[in-house]
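*Asks:*
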Amino acid sequence: MASNPVMALRVAPGSNVKLHRFDTDDTLGWHKESAKRELEKVKLRLDVLQQRLFAEERRSVLLVLQAMDAAGKDGTIRSILSGLNPAGVTVSSFGVPGGPEVEHDYLWRVHAQAPAKGHIGVFNRSHYEDVLVVRVKGFQPKAVWSKRYDHIRSFEQMLSDEGTTVLKCFLNVSPDVQRKRLQERIDDPEKRWKFRQGDLEDRALWPQYVAAFEDALSRTSTASAPWYVVPADRNWVRNLAVAKILLHHLERMKPRLPDPEDGLDGLIVE
Ligand code: ADP
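Every position in the sequence shown, counted from 1, becomes a number in my numbering once 4 is added.
1) Which whole-angstrom value describes the C-beta separation of proline 259 and arginine 56, a residue pair presumed to lie in contact below a C-beta threshold of 8 Å?
2) Between which two residues does the alpha helix (DSSP H) carrying isoleucine 75 extend?
3) If you measure between the beta carbons of aspartate 51 and glycine 87, is that distance less than 7 Å?
4) Check asparagine 243 in the structure and name its three-state DSSP category.
5) Taking the straight line between their C-alpha atoms, what separation do you get for lysine 146 and glycine 18?
6) What are the uninterrupted segments assigned as beta strand (DSSP E) that are 3 or more residues long and contained completely in the stretch 75-143, given in chain order?
7) Whose CA, out of Ile272, Leu13, Ala247 and Gln201, lies closest to the CA of glycine 79?
8) For the stretch 93-104 against the stretch 117-126, are there 3 or more C-beta pairs whose distance is under 8 Å?
9) Hey, would you say the C-beta of glutamate 101 is under 6 Å away from at least one heavy atom of the ligand ADP?
10) Leucine 3 lies in the beta strand (DSSP E); which residues open and close that run?
11) Measuring CA to CA, which of Gly270, Glu133 and Glu274 is closest to phenylalanine 174?
12) In terms of DSSP beta bridges, what is tryptophan 231 paired with?
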């Protein structure tokens with residue numbers, strides 16, 4: 005698949021990911037203006053395939069987005085899903101667990117948001133928080149979070165076996181670009197609402213997050229639920245890459261429109 009550079013972003017199962025080897029500023033050989041036009045074409049194709057998936061009503065897609073703060077999860081979602089039929093897309097965001105969520109196992113709230121047949125589900129953060137922030141901030145002891153990689157692999161395998169195509173994108177931003185974007189959030193009144201003091205605490209824990217992401221990517225990228233490491237310093241590269249990854253998986257699924265009823269050829273509506 006040499007013609008599709010996004011396939012090189014895929015984390016091969018069993019590999020030992022070292023994030024410093026990935027270029028956050030990579031353009032993947034693309035140029036900004038043509039990439040924007042290309043994104044529009046990809047979105048038209050996504051629209052056609054989404055309609056078929058929706059009409060077929062047998063399978064679903066789950067796109068998981070994880071990243072450091074300000075890598076652009078929200079921007080990616082807005083950019084690539086804006087052309088699709090909202091009736092067939094569900095976006096679920098996972099914040100600090102509360103209420104009944106804390107009274108159940110960590111996958112309970114996640115499974116409840118898994119996409120219905122015919123739908124594309126997008127997770128803005130996910131069950132991976134339970135091996136990322138939970139590990140880095142010590143919300144659970146290692147004896148608890150270290151078992152979760154196995155659970156997550158099995159959970160995603162089950163979703164896949166039951167008809168959900170699972171794909172996961174890590175939006176890989178550099179500390180320097182994150183610094184600029186966080187500063188922008190503080191300085192721009194339109195963006196200030198996005199800023200939390202906690203973002204700075206997380207930023208100070210960058211090396212610990214890198215280690216946690218490296219383990220998560222290495223241990224949970226499987227043939228049926230692969231991870232992709234997406235360069236995220238440039239928004240336009242990030243958006244096109246995620247759109248193309250989603251398109252790749254939808255093309256492979258070959259969703260089919262249901263057979264029409266017999267006897268429609270030549271039927272005239274009076
Ligand atoms: P975002 O940063 O994704 O735009 P928020 O500002 O609402 O959204 O942040 C969500 C917060 O919830 C993040 O700090 C994230 O680490 C935290 N979070 C998500 N899942 C969990 C979890 N299982 N345990 C603890 N914290 C979590």
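In this text, a Cβ means the ideal position worked out from N, Cα and C, and glycines have one as well.
*Replies:* Once the coordinates are examined:
1) About 4 Å separates the two Cβ atoms, so the contact holds.
2) In the sequence on display, residue 75 carries alanine and not isoleucine. Looking at the DSSP string, alanine 75 is not in any alpha helix (DSSP H), and its letter there is neither H nor E.
3) yes
4) helix
5) So the two alpha carbons sit approximately 21 Å from each other.
6) Counting whole runs of 3 or more residues, the stretch 75-143 contains the beta strand (DSSP E) stretches 93-97 and 124-128.
7) Out of Ile272, Leu13, Ala247 and Gln201, Ala247 has the C-alpha closest to the C-alpha of glycine 79.
8) Contact between the stretch 93-104 and the stretch 117-126 is present, because at least three Cβ pairs lie under 8 Å.
9) The question names glutamate, but residue 101 is proline in the sequence shown. Yes, the beta carbon of proline 101 sits closer than 6 Å to at least one heavy atom of the ligand ADP.
10) Given a span of 5 to 274 for the chain in the structure shown, any question on residue 3 remains unanswerable.
11) Among Gly270, Glu133 and Glu274, the Cα nearest to that of phenylalanine 174 is on Glu133.
12) Lys172
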